[in-house]
Amino acid sequence: MGVHYVVEILIVLITYSTVAVKPTAIPNWDDPTRQPMVKYAQLFNYGASAYVRITNKTIDATTHNKTDPDTYLQIDMFGPTLRAIRSYQTGEYICHNPTTGYPEMKVIVTVSKHPACMFYKTPNKKPYTSYRSRLNKKWYLAFHFKGNKAGRPKKGQRTSDFKNKGCMFLLDALKLSRKRRKG
Numbered sequence: 007m008g009v010h011y012v013v014e015i016l017i018v019l020i021t022y023s024t025v026a027v028k029p030t031a032i033p034n035w036d037d038p039t040r041q042p043m044v045k046y047a048q049l050f051n052y053g054a055s056a057y058v059r060i061t062n063k064t065i066d067a068t069t070h071n072k073t074d075p076d077t078y079l080q081i082d083m084f085g086p087t088l089r090a091i092r093s094y095q096t097g098e099y100i101c102h103n104p105t106t107g108y109p110e111m112k113v114i115v116t117v118s119k120h121p122a123c124m125f126y127k128t129p130n131k132k133p134y135t136s137y138r139s140r141l142n143k144k145w146y147l148a149f150h151f152k153g154n155k156a157g158r159p160k161k162g163q164r165t166s167d168f169k170n171k172g173c174m175f176l177l178d179a180l181k182l183s184r185k186r187r188k189g
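So for the sequence shown, my numbering puts the first residue at 7; every next one is plus one.
Here you go:
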């Protein structure tokens, strides 16, 4: 008789319990409003067989000189896949122009308000990665790798092929100090 009594009390407690279970929110790991982690690196483009270089508001992949300071990049990481790529020297971000689709350099204070300047890091053929635009999911950061346009950036509209050699990058980590920027 004692066991049945305990079971009945448990059933009453469970059915008339006023404890509400709060649903847990799934965190957004790729949140651009978070404080980014910073990594310093060089991007080596597989198709152009050269390092990505930023000089005088232009971007290209034509230099083979690993010690060129114009190839030093700061990569702001907003989660496991969301990235913003900027020049270590000037602090300008690589952005896709929304109308022409060409990659260009912009001076931006708050990168989270500009989806054109953010990229999703997507794995490609090992060990390469690709950078897909947050502005348009079909656009990738890519460079020409043949002919007289070799090393010049491709239009976003012409990079929808994920397996394109111009979209593949190797990340070469650097040990640089964090620069203090005005603003």
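Yeah, the Cβ is synthetic: ideal placement off N, Cα and C, and Gly gets one too.
In chain order, what residues of the same chain have a beta carbon less than 6 Å from the beta carbon of residue i, not counting five sequence neighbours either side?
i      : result
LEU177 : ALA47
ARG59  : ASP66, THR69, ASP76, THR77
LYS171 : TYR52, GLY53, PHE151
LYS161 : GLY107, TYR108
What does the Cβ neighbour count give for residue i, buried or exposed, with the cut at 16 atoms within 10 Å?
i      : result
THR90  : Checking the sequence shown, residue 90 turns out to be Ala, not Thr. By the 10 Å Cβ count, ALA90 comes out buried.
ASN71  : exposed
MET43  : exposed
SER183 : exposed
GLN80  : buried
ASN154 : exposed
ASP37  : exposed
LYS131 : exposed
VAL113 : exposed
LYS119 : exposed
Can you find the residues in the same chain that come closer than 7 Å, C-beta to C-beta, to residue i, ignoring five residues on each side of it along the sequence?
i      : result
PRO121 : ARG140, LEU141
PRO104 : ALA122, LEU141
Give me the DSSP bridge partner(s) of residue i.
i      : result
SER139 : PHE125
GLU110 : CYS101
PRO159 : PHE149
If you draw a straight line from the alpha carbon of residue i to that of residue j, how long is it in whole angstroms?
i      : j      : result
LEU147 : ALA54  : 13 Å
ARG158 : THR68  : 8 Å
SER136 : ASP74  : 23 Å
MET174 : TYR57  : 12 Å
GLY85  : GLU14  : 50 Å
HIS102 : LEU180 : 25 Å
For residue i, which residues from the same chain have a beta carbon less than 8 Å from its beta carbon, with the 5 sequence-adjacent residues on both sides left out?
i     : result
MET83 : PRO42, MET43, VAL44, LYS45, ARG89
Counting only runs that start and end within the stretch 29-84, where is the beta strand (DSSP E) found for 3 or more residues in a row? 43-51, 56-61, 64-69, 79-83
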